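The numbering of the sequence shown is my numbering, which starts it at 640 and goes up by one. Structure record follows, encoded as structure tokens.
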Amino acid sequence: MNVDKLVVKNFHRDDPSHVTILWWLFFGAFLLGLWALYTILPTDQMQPEVLYTLGIIGTWRYGWKSIHLIRGLYYQYVRYPALSSLAEMTQKPSEILVVIPCYRTTPEISAPVFKALIDEIGNFGVACRAVACVTDEADINIIESQFDKLKQRVPVSLYIIDQDGTGKRNTMADALTLLAEERPVSKDSVLILMDGDTVLPEGILTKVSGFLMRYHDLGALTTHNKPIVKGNSLTRQWYRQRMAQRHFYMSSLSLTYRVLVLTGRFSAYRASLALSPDFIDSLRYDHVKHWRYGRIRMLTGDDKSTWFFILKERWKMLYIPDVAVTCLEDAPSGSFVKTSLSLMTRWYGNMLRSNIRAIQLGPKKAGWFLWICLLDQRISMWTTLIGPALALVVATYMGAKVVIAYLFWVVATRSANVLLISIQSGQFHPIFVPLLWYEQLIGSLVKVYLFFHPNIQRWTRQDINSKVEDHSISQEIKRWLPHLETLAAFCSLLIFVMWLYG
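So, in structure tokens, the structure goes:
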């Protein structure tokens, strides 16, 4: 299937031309408005300490970003082509195994997903065992009809299990257990974990299996993602901007055979590794320990669990930048702010819970560059807040012109940020600049809140969460203590900023 020509009702890749023009006009009008306010308001001399602080933070942030850019470009245009050329000269695996959970996906999503999957398996031409985890009868009919066509081309075994709503983790673990217990897998078998709203491009199985066959110390790999979004223009561009950032950072990290996550949308594993009891248990029973909450069982973030297992066991990981799966993103209903907050709560919660234990592995086991990146994730959620907090504090003494000047600084620095990312990803949109700042600022607030509330977990499409119905005194203390910690943290940040200002 040619995914570039894929059309799904109510899903869109990008804005129409007239909408993009309107966003350009909005961005230009915003800058003109800021300039008009800046010229009208009275001028006060800025204290040099404020400029030094912003300059130091900016130098660090954009110096670090430039390092990622250089590494990513080198990987994408030098290292990866050399790796890929060797991977193309390998033989095919003896078997492909696929696990694909589908939770409340509509037929207009399921139909192209399974058609593309069946076409790709048939073209690849090796035996396949697949487990589909479904909730709706309509999905079963679509899946069975597609796999019936595949049986005429390659040996195939299809298993359908019920996804009962107890969580994606349990269902995926059940599917892996089924495959492991049915019969042993050969050392060269490849296992695919993918979502039921991911459309595969032509040739992806040849590409990913070639790497796993050629490089025997490679445990897993993931690919580039391109979103087709059901939602408004802001939500659509926000997804595109996030995928461009993902491509930017994953290319950089892959230079040292590490990635930040083995994305649940599509990742390929060495089957003998993914069907091991330890891997399955890490997926089903994964948890983190917290000094206040004790054992926190991971409900969401299955892709972070598989990533941590591969990292902990010291297998190499790789990012494939020249192959992109198409993700049919059915964003949660509601306004852009509500949608983005819901998704950021899930994504950043998973990131923070997995981040600390990966740091605890140490730089030798995790890899020095990845380890520094993980530390940077924890530091940047605080440094991002220093700029706006400092601008507000200074504005109380010097007037609103400081805020206008800071907004110009934001536009300049985030434009440079977006430009760096677009050099590598090839994607740009005028709204990327404010969306990037929105995600950095609001995302940092969400991260700080979740840092003190690590027990908050919730799926956006499943009624599964970590809420505890207990009103005992000890539970009430646990409930209110993190709120006090969060308040104390923000007060400390404010005091620090006031100290910087003097």
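For each residue, glycine too, the CB sits at the ideal point set by N, CA and C. Computed from a predicted model, the values in this text were never measured in an experiment.
With a cut-off of 8 Å, does the C-beta of residue 1002 fall near any C-beta of chain C?
-> Judged by its chain identifiers, the structure shown contains no chain C, having just a single protein chain.
Touching or not, the region 713-731 and the region 837-853, by the rule of three or more beta carbon pairs under 8 Å?
-> yes
Hey, residue 906 and residue 715 are a contact pair by Cβ (cut 8 Å); roughly how many whole angstroms apart?
-> That belief does not hold up - the Cβ atoms of residue 906 and residue 715 are roughly 19 Å apart, past 8 Å.
Just reading off the alpha helix (DSSP H) that residue 798 is part of, what are its end residues?
-> It is not in any alpha helix (DSSP H) - residue 798 instead sits in the beta strand (DSSP E) that spans 795-801.
What residue does the alpha helix (DSSP H) around residue 1142 start on, and which one ends it?
-> Given that the chain is displayed from residue 640 to residue 1141, the structure contains no residue 1142 and the question cannot be resolved.
Minimum C-alpha distance to residue 1018 - residue among 878, 998 and 820 | 998
Whole runs of the alpha helix (DSSP H) within the region 938-993, excluding any shorter than 4 residues = Qualifying alpha helix (DSSP H) stretches, in chain order: 941-951.
Rounded C-alpha distance that separates residue 984 from residue 792 = The alpha-carbon atoms of residue 984 and residue 792 are separated by roughly 44 Å.
With 16 other CB atoms within 10 Å as the buried threshold, where does residue 707 fall?
-> The residue is buried, with at least 16 neighbouring Cβ atoms inside 10 Å.
Determine the direct distance from the alpha carbon of residue 781 to that of residue 743, and round the result to whole angstroms.
-> 14 Å
Which residue comes first and which comes last in the beta strand (DSSP E) that contains residue 1094?
-> Neither: residue 1094 is in no beta strand (DSSP E) and is coded neither H nor E.
Using three-state DSSP, classify residue 740 as helix, strand or coil.
-> strand
Under the three-state reduction of DSSP, which class applies to residue 857: helix, strand or coil?
-> Shown here, residue 857 sits in a strand according to DSSP, grouped into three states.
Chain-order list of residues whose beta-carbon lies under 6 Å from that of residue 1082 (same chain, five-residue window excluded) | Cβ within range, chain order: 983.
Please state if the CB of residue 798 and the CB of residue 817 are separated by a distance shorter than 8 Å.
-> yes
Just how far apart, CA to CA, sit residue 836 and residue 1034?
-> 48 Å
Counting only runs that start and end within the region 770-846, where is the beta strand (DSSP E) found for 3 or more residues in a row?
-> 795-801 and 829-833
Taking C-beta to C-beta, are residue 989 and residue 940 nearer than 8 Å?
-> Result yes, Cβ atoms of residue 989 and residue 940 sit closer than 8 Å.
Does the region 765-781 come close enough to the region 879-899 to have 3 or more Cβ pairs within less than 8 Å?
-> Contact between the region 765-781 and the region 879-899 is not established, with fewer than three Cβ pairs separated by less than 8 Å.
By Cβ distance below 7 Å, which residues in the same chain neighbour residue 934 in space, the five residues on each side in sequence not counted?
-> 926 and 928
Could you spell out where the alpha helix (DSSP H) holding residue 913 opens and where it closes?
-> 910-913
Quick one: what's got a C-beta closer than 7 Å to residue 813's C-beta in the same chain, skipping five residues either side?
-> 800
How about residue 658 and residue 867: are their beta carbons less than 8 Å apart?
-> With a cutoff of 8 Å on beta-carbon distance, residue 658 and residue 867 are scored as not near each other.
Beta-bridge pairing of residue 767 - partner residues as DSSP gives them | 735 and 795
Local Cβ density within 10 Å of residue 665, reported as buried at 16 or more and exposed below that | exposed
Roughly how many whole angstroms lie between the Cα atoms of residue 1013 and residue 700?
-> 14 Å
Three or more beta-carbon pairs under 8 Å between the region 962-969 and the region 1114-1131, yes or no?
-> no
Close Cβ partners of residue 741 (< 6 Å) along its chain, the five nearest in sequence each way excluded | 773, 778 and 835
DSSP state of residue 895, grouped into three classes?
-> coil
Drop a sphere of 10 angstroms on the beta-carbon of residue 698, count the other beta-carbons inside from all chains shown, and report buried for 16 or more, exposed for fewer.
-> exposed
Residue 860 and residue 959 closer than 8 Å at C-beta | yes
Which residue or residues does DSSP assign as beta-bridge partners of residue 864?
-> 964
Note down the Cα distance separating residue 1041 from residue 1068, rounded to an integer number of angstroms.
-> Residue 1041 and residue 1068 have their C-alpha atoms spaced approximately 28 Å apart.
Please say whether residue 1122 and residue 963 have beta carbons closer to each other than 8 Å?
-> no
Can the beta-carbon of residue 947 be found less than 8 Å from the beta-carbon of residue 981?
-> No, they are not a contact pair.
CB residue 1022 to CB residue 696, shorter than 8 Å?
-> yes
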